[in-house]
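*Asks:* Let me begin by handing over the structure; questions about it come next.
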Amino acid sequence: MESYYSMLSRHRDSARPAFIDAAGRAIRFNQLFEYADTIGQSLTRLLGDGNCAVGVLQDKSLTAVVSIFGVLAGNKVFVPISPTLPVSRRESIVKATSMRVVLVDYALDDAIALELTRLGLVLIFCSVDEDGLRLQVGNREVLAGEPAAPVFDAPLSHILFTSGTTGTPKGVMIKAESQAAFTRTMAAAFGHDSATRWLSVSPLYFDVVTLDLFVEVYCGATVYLYPPGLPAAELAYTLEKHAITDVLFISSVVKMLASEFSELKRRDLSYLRQLWYGGEPCPVEALRKIKQWVPQVGFAQCYGPTEVCNNSTLMRFDDVPSDRSGFMPLGKPIDSVEAYVVDADGQQLTAPGIGELYLGGVQVMAGYLGDPSGTAKKLLSNRFNPASPYPLFRTGDFVHLDADGLLWFHGRQDDLVKVRGNRISLHEVQAAIVSEPEVADAIVRVAPDSIGGFLDALEAVVICHQAIDKKTLTDRIRARLPAYMVPDRITIELRRDVPIKENGKLDRQQVLSRI
1 MESYYSMLSR
11 HRDSARPAFI
21 DAAGRAIRFN
31 QLFEYADTIG
41 QSLTRLLGDG
51 NCAVGVLQDK
61 SLTAVVSIFG
71 VLAGNKVFVP
81 ISPTLPVSRR
91 ESIVKATSMR
101 VVLVDYALDD
111 AIALELTRLG
121 LVLIFCSVDE
131 DGLRLQVGNR
141 EVLAGEPAAP
151 VFDAPLSHIL
161 FTSGTTGTPK
171 GVMIKAESQA
181 AFTRTMAAAF
191 GHDSATRWLS
201 VSPLYFDVVT
211 LDLFVEVYCG
221 ATVYLYPPGL
231 PAAELAYTLE
241 KHAITDVLFI
251 SSVVKMLASE
261 FSELKRRDLS
271 YLRQLWYGGE
281 PCPVEALRKI
291 KQWVPQVGFA
301 QCYGPTEVCN
311 NSTLMRFDDV
321 PSDRSGFMPL
331 GKPIDSVEAY
341 VVDADGQQLT
351 APGIGELYLG
361 GVQVMAGYLG
371 DPSGTAKKLL
381 SNRFNPASPY
391 PLFRTGDFVH
401 LDADGLLWFH
411 GRQDDLVKVR
421 GNRISLHEVQ
431 AAIVSEPEVA
441 DAIVRVAPDS
451 IGGFLDALEA
461 VVICHQAIDK
471 KTLTDRIRAR
481 LPAYMVPDRI
491 TIELRRDVPI
501 KENGKLDRQQ
511 VLSRI
């Protein structure tokens with residue numbers, strides 16, 4: 001059976017650029033796979049042939065990309081670790097995966113190197129520059145006398161750690177079989193080839209890495225690697241500078257680019273063919289504005305949890321219908337995914353009722369690492385398709401299916417609250433707020449009423465591109481929502497003043513801690 005790495009290697013003899021970084025340094029496809037093979041062989045000598053976890057603790061760079069492919073070349077499980085994580089979080093990932101080896105950059109901070117060494121890890125220092133690949137295995141003696149690294153039951157391609165509701169990160173285990181199916185399906189959906197110039201702006205520990213790296217390499221495209229968190233003006237300039245043809249942004253970045261202060265309308269983006277977006281709903285007003293400035297661009301909305309290879313449905317469209325308000329539908333499941341709308345009694349809804357979205361098929365995760373009870377709550381046998389060997393994943397998202405077979409998002413299971421006896425969807429309130437052109441994002445929550453704290457109140461923190469009067473904003477919200485859904489308290493913050501995560505999303509905890 002062909003390995004996932006072998007499948008990705010179909011352009012390994014090409015001398016075209018595979019990746020180009022922000023400084024203009026490039027690595028060709030033939031170099032990428034030559035260097036990855038070298039790292040893979042080094043890992044095999046250290047750890048044997050087993051499918052065990054190997055960490056990649058590096059900032060986004062050509063070296064990091066080569067390291068990731070090197071892990072796959074050695075038939076190992078790629079575990080990305082952000083250098084900016086707190087020490088305790090890094091330690092929990094190392095212990096949870098039982099990893100023995102981590103690939104690091106030569107510029108690794110001494111304190112982090114010491115910390116990793118104290119955890120009993122072998123550090124492999126890597127560097128890719130004009131002279132080629134530099135590789136140095138340090139402190140390999142720590143493996144002497146140690147038991148072999150644990151091997152996973154099902155061959156995995158990677159483990160991604162996401163935020164858990166308990167405060168402990170969840171290790172999402174993705175099988176190589178799942179990732180291979182996802183890669184083929186998305187490559188067919190993308191239709192990318194050697195003429196594609198893809199802009200990567202997400203961190204390498206974010207689940208979009210599977211699109212940015214694996215799908216695009218499989219397609220033979222050229223990927224431009226840029227650091228996460230670029231300002232809107234620099235994003236627009238970068239799209240123009242490299243004649244980017246395709247890009248994936250989270251929806252809040254799309255809104256930012258559609259603001260009246262955006263550089264987008266002043267740039268020549270005639271090469272941009274497709275704007276892919278996801279991660280959160282995007283108001284159609286923002287898409288219309290971008291279409292006005294970049295008339296040839298098409299859109300594609302991607303939806304899917306990390307647990308189902310990060311993309312499960314797709315909605316491609318060239319124009320926003322003139323009568324459409326709010327958001328576009330999630331679309332239909334991609335070819336390697338099954339989708340079911342399920343009511344509170346666990347029955348499949350075929351009529352246009354709202355229910356929880358269950359996802360099935362080959363892309364569903366192997367489970368949460370070291371958490372059988374959490375896995376059992378989320379993975380169920382597929383009673384709707386008993387012939388399927390794959391479980392169903394409960395997304396916790398509420399949707400409905402329309403007459404055309406399109407899925408429409410209605411918020412998350414934990415977004416439904418009661419305030420003063422009224423049932424309210426926090427997602428619906430947030431959607432109304434972010435539809436305003438000045439608004440970049442919003443957090444809506446239930447908080448104790450300021451009068452004695454006996455009653456619940458609806459509170460909103462509104463993140464704006466530009467200053468807006470609170471009364472003006474409140475009046476607009478009142479025009480969109482019934483009175484009981486209008487937030488009792490509204491705090492307005494400017495986007496430039498609020499903490500943003502490396503993946504471009506709002507740091508909700510940090511924002512809420514300030515009010």
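Heads up, the sequence shown is in the UniProt record's numbering, so the first residue is 1 and it goes up one at a time. We put the CB at the ideal spot given by N, CA and C, even for glycine. From a predicted model like this one, the values you see are computed outputs, not experimental measurements.
1) Which of helix, strand or coil does DSSP assign to Asp441?
2) Tell me, which residues are paired with Phe19 by DSSP?
3) For Phe206, which of helix, strand or coil comes out of DSSP?
4) Quick check: the Cα distance between Leu512 and Gly48, rounded to an integer number of angstroms?
5) Below 8 Å between beta carbons: does that hold for Asp371 and Lys170?
6) Cβ of Ala236 within 8 Å of Cβ of Leu257?
7) Is the beta carbon of Leu357 less than 8 Å from the beta carbon of Ala344?
8) Let me check one thing: in DSSP terms, what residues is Ile424 bridge-paired to?
9) Determine, using beta carbons only, whether Asn310 comes closer than 8 Å to chain C.
10) If you follow the beta strand (DSSP E) that Leu257 is part of, which residue opens it and which one closes it?
11) Use the C-beta contact count for Arg514: other C-beta atoms within 10 angstroms, 16 or more gives buried, fewer gives exposed.
12) In three-state DSSP terms, what is Arg508?
13) Buried or exposed for Arg197, please, with buried defined as at least 16 other CB atoms from any protein chain shown within 10 angstroms of its CB.
14) According to DSSP, simplified to helix, strand and coil, what is Leu359?
15) Is Ile451 helix, strand or coil by DSSP?
16) Between the segment 209-216 and the segment 309-319, do at least 3 Cβ pairs fall closer than 8 Å?
17) Do you know how far the Cα of Lys60 is from the Cα of Leu225?
18) Can you tell which of Pro305, Ser435, Pro437, Ser325 has the C-alpha that lies nearest to the C-alpha of residue 520?
19) Whose CA, out of Ser336, Val284, Val341, Leu349, lies closest to the CA of Asp318?
20) Using the Cα positions of Arg16 and Lys418, report the straight-line distance between them to the nearest angstrom.
21) Would you kindly report the start and end of the unbroken alpha helix (DSSP H) that includes Ile112?
22) Just to check my reading of the structure: Cys52 and Pro203 have Cβ atoms closer than 8 Å, yes? What is that Cβ distance to the nearest angstrom?
23) Within the continuous alpha helix (DSSP H) that includes Leu72, where are the two ends?
24) Tell me whether Met365 is buried or exposed, calling it buried when 16 or more other Cβ atoms sit within 10 Å of its Cβ.
25) At which residues does the beta strand (DSSP E) containing Val87 begin and terminate?
26) Smallest Cα separation from Leu401: which of Gly331, Ser373, Asp441, Leu264?
27) In this structure, how does DSSP classify Gly167 when only helix, strand and coil are distinguished?
28) Could you check where the beta strand (DSSP E) with Tyr303 kicks off and where it finishes?
29) Measuring alpha carbon to alpha carbon, tell me which of Ala22, Glu34, Ala23, Ala26 ends up nearest Tyr5.
30) Return the Cβ separation of Ser381 and Gly361 in integer angstroms, given the expectation that the two are a contact with Cβ distance under 8 Å.
31) Count the other CB atoms within 10 Å of the CB of His11; is the residue buried (16 or more) or exposed (fewer)?
32) Ignore the nearest five residues each way along the sequence and tell me which others in Gly453's own chain have a CB closer than 6 Å to its CB.
33) Can you give the beta carbon distance from Ile500 to Gly279, rounded, assuming they're within the 8 Å contact cut?
34) Going by beta carbon distance, what residues of the same chain come within less than 8 Å of Asp193, once the five residues before and after it are set aside?
35) CB-CB under 8 Å to Val87, same chain, minus the five flanking residues each way: which ones, in chain order?
36) If distances are taken between C-alpha atoms only, which option among Ile174, Ser435, Ile433, Ala387 comes closest to Val77?
*Replies:* According to the structure data:
1) If DSSP states are grouped into helix, strand and coil, Asp441 belongs with the strands.
2) DSSP output for Phe19 lists Ile27, Val223 as bridge partner(s).
3) Reduced to three states, the DSSP call for Phe206 is coil.
4) Their backbone Cα atoms lie some 47 Å apart in a straight line.
5) Yes, these two residues count as a Cβ contact at 8 Å.
6) yes
7) no
8) Val417
9) The structure shown contains no chain C, having only a single protein chain.
10) Counting along the chain, Leu257 falls outside any beta strand (DSSP E), though it belongs to the alpha helix (DSSP H) covering 251-257.
11) Arg514 is exposed by the Cβ-count criterion.
12) helix
13) buried
14) strand
15) Here Ile451 scores only 43 on pLDDT, less than 50, and its place in the model should not be relied on; the value that follows carries that caveat. The answer is coil: DSSP assigns Ile451 none of H, G, I, E or B.
16) The segment 209-216, when compared against the segment 309-319, does touch it at the 8 Å Cβ threshold.
17) 8 Å
18) Residue 520 is absent from the structure shown; the chain starts at 1 and stops at 515.
19) Val284
20) If you take the alpha carbons of Arg16 and Lys418, they lie about 57 Å apart.
21) 110-118
22) At roughly 24 Å, the Cβ-Cβ gap does not stay under 8 Å, so Cys52 and Pro203 are not in contact.
23) 62-73
24) buried
25) Run containing Val87: none in the beta strand (DSSP E); it sits in the alpha helix (DSSP H), 87-97.
26) Gly331
27) Only weak support exists for where Gly167 lies, its pLDDT of 48 falling under 50; the value from the coordinates is given anyway. Correct three-state label for Gly167: coil.
28) 298-303
29) Glu34
30) Going by Cβ atoms, the distance from Ser381 to Gly361 rounds to 14 Å, so no, they are not a contact pair.
31) buried
32) Low confidence applies here, because Gly453 scores a pLDDT of 44, under 50, leaving its location unreliable and the question unanswered by this model.
33) Contact doesn't hold; Cβ gap of about 13 Å is too wide.
34) Cys219, Gly220, Ala221
35) Glu115
36) Ile174
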